[in-house]
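The next block holds one structure in the form of structure tokens; read it before the comments.
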Amino acid sequence: MLAQLRQQAILERIRRTGGARVAELVQDLGVSDMTIRRDLEALADRGLVEKVHGGATIAGAGSTEEPGFSAKSARQEAEKEAIARRAARLVRPGSSVALSAGTTTWTAARHLADVPELTVITNSLKVADVFYRSGRADQTVVLVGGVRTPSDALVGPVAVAAIRSMNVDVLLLGVHGMSVRAGFTTPNLLEAETDRELVGSAQRLVVLADHTKWGTIGISTIAHLDRADVVVSDTGLPAEAGAELSERVGELLLADPSEPDDRGEPTA
């Protein structure tokens with residue numbers, strides 16, 4: 003493939019998904035690591051992408067950028083499905099579970115909808131809708147109030163006040179990004195405040211974050227890495243990221259998107 007055509011393909015992918023890692027591009031385009039890095043350098047020189055550790059993001063994507071729910075739900079679908087399925091196994095029947103807003107936690111909710119006797123606390127309209135549609139009479143679902151964000155989260159002082167009075171067994175937390183320096187982050191200041199209250203309410207913190215979240219930094223920190231009891235990511239997580247997380251979090255679980263789901267069907 004000519005360099006111009008390859009760079010156009012890379013640019014289209016980054017625009018579609020918000021970012022791409024070098025390792026993924028090497029595999030998908032069948033060229034060397036060095037070739038991809040030169041392509042990204044050329045695109046960055048033209049102001050079309052911004053280089054980040056291990057890959058690139060769309061130019062202008064800053065720490066306060068917050069894609070809508072629909073845009074995020076189309077990214078890393080197989081990885082999110084595998085992560086959600088693995089995380090759902092950590093929730094026992096009859097327990098209380100909080101789910102933050104996000105497309106990965108929304109996917110996890112679909113796996114939890116059949117778990118008996120759950121008490122569910124959430125600030126996500128999408129997550130609450132999953133449990134509402136399941137119609138289980140033995141589940142209790144509490145949707146906190148608040149101001150709606152682009153990711154369909156309810157945040158702000160009303161949400162914080164409601165969550166502050168609660169204590170849950172486990173929190174499934176979705177994040178915008180994670181890094182050694184900034185920890186788990188979000189691009190929305192009010193959502194960060196609400197998520198911090200969710201973290202404080204939980205006996206056990208389980209963070210759901212696909213491999214593209216590593217190295218992404220939102221404007222506000224929810225919690226430092228060592229606060230997480232478990233991080234559930236996927237097998238696309240770079241080795242160096244896995245080493246950093248394993249050193250700092252209680253447990254790192256890597257879900258394989260190619261493994262069959264509970265019905266014996268592959269997720270990818």
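Our numbering puts the first residue of the sequence shown at 3, with every later residue one more than the last. The beta-carbon is built from N, C-alpha and C at its ideal position, and this holds for glycine as well.
In the DSSP assignment, what residue or residues form a beta bridge with residue i?
i: residue 275; result: Outside the modelled stretch of the chain, which goes from 3 to 270, sits residue 275, for which no answer is possible.
i: residue 216; result: 180
i: residue 206; result: 172
i: residue 186; result: 180 and 225
i: residue 107; result: Partner(s): none; residue 107 has no beta bridge.
i: residue 157; result: 149
Tell me the rounded alpha-carbon separation between residue i and residue j.
i: residue 187; j: residue 209; result: 11 Å
i: residue 38; j: residue 133; result: 43 Å
i: residue 90; j: residue 165; result: 22 Å
i: residue 232; j: residue 4; result: 44 Å
i: residue 150; j: residue 32; result: 43 Å
i: residue 16; j: residue 257; result: 24 Å
i: residue 139; j: residue 222; result: 38 Å
i: residue 158; j: residue 40; result: 44 Å
i: residue 145; j: residue 8; result: 46 Å
i: residue 85; j: residue 142; result: 24 Å
i: residue 280; j: residue 161; result: Outside the shown range of the chain (3 to 270) lies residue 280, about which nothing can therefore be said.
i: residue 88; j: residue 114; result: 11 Å
i: residue 255; j: residue 244; result: 10 Å
i: residue 117; j: residue 57; result: 38 Å
i: residue 111; j: residue 249; result: 29 Å
i: residue 124; j: residue 22; result: 30 Å
i: residue 180; j: residue 163; result: 26 Å
i: residue 80; j: residue 253; result: 22 Å
i: residue 137; j: residue 154; result: 21 Å
i: residue 214; j: residue 135; result: 30 Å
i: residue 24; j: residue 168; result: 43 Å
i: residue 251; j: residue 207; result: 10 Å
With DSSP collapsed to three states, give me the class of residue i.
i: residue 171; result: strand
i: residue 93; result: coil
i: residue 222; result: strand
i: residue 1; result: Outside the displayed span of the chain (3 to 270) sits residue 1, for which this structure offers no information.
i: residue 147; result: coil
i: residue 115; result: coil
i: residue 84; result: helix
i: residue 122; result: strand
i: residue 248; result: helix
i: residue 98; result: strand
i: residue 44; result: helix
i: residue 254; result: strand
i: residue 39; result: helix
i: residue 166; result: helix
i: residue 138; result: coil
i: residue 22; result: strand
i: residue 15; result: helix
i: residue 29; result: helix
i: residue 4; result: coil
i: residue 78; result: coil
i: residue 199; result: helix
i: residue 242; result: helix
i: residue 193; result: helix
For residue i, I'd like the list of residues in its chain whose CB is within less than 8 Å of its CB, leaving aside the five on either flank, ordered along the chain.
i: residue 13; result: 45, 50 and 51
i: residue 53; result: 42, 43 and 46
Sorted by chain position, which residues of the same chain lie with C-beta nearer than 7 Å to residue i's C-beta, five sequence neighbours on each side aside?
i: residue 72; result: For residue 72, the predicted model reports a pLDDT of 49, less than 50, meaning its position is unreliable and no value from the coordinates is stated.
i: residue 226; result: 185
i: residue 82; result: 105, 106, 109 and 212
i: residue 246; result: 182
i: residue 75; result: Here the model assigns residue 75 a pLDDT of 48, short of 50, so the residue's position is not dependable, and the following value carries that caveat. Answer for residue 75: 105, listed in chain order.
i: residue 197; result: 102, 175, 188 and 224
i: residue 130; result: 124, 143 and 145
Among the residues of its own chain, which have a CB less than 6 Å from the CB of residue i, if the five just before and after it don't count?
i: residue 98; result: 121, 170 and 171
i: residue 119; result: 95, 96 and 140
i: residue 194; result: 188, 222 and 224
Segment contact flag, the stretch 186 to 203 with the stretch 237 to 255, C-beta cutoff 8 Å, min 3 pairs: no
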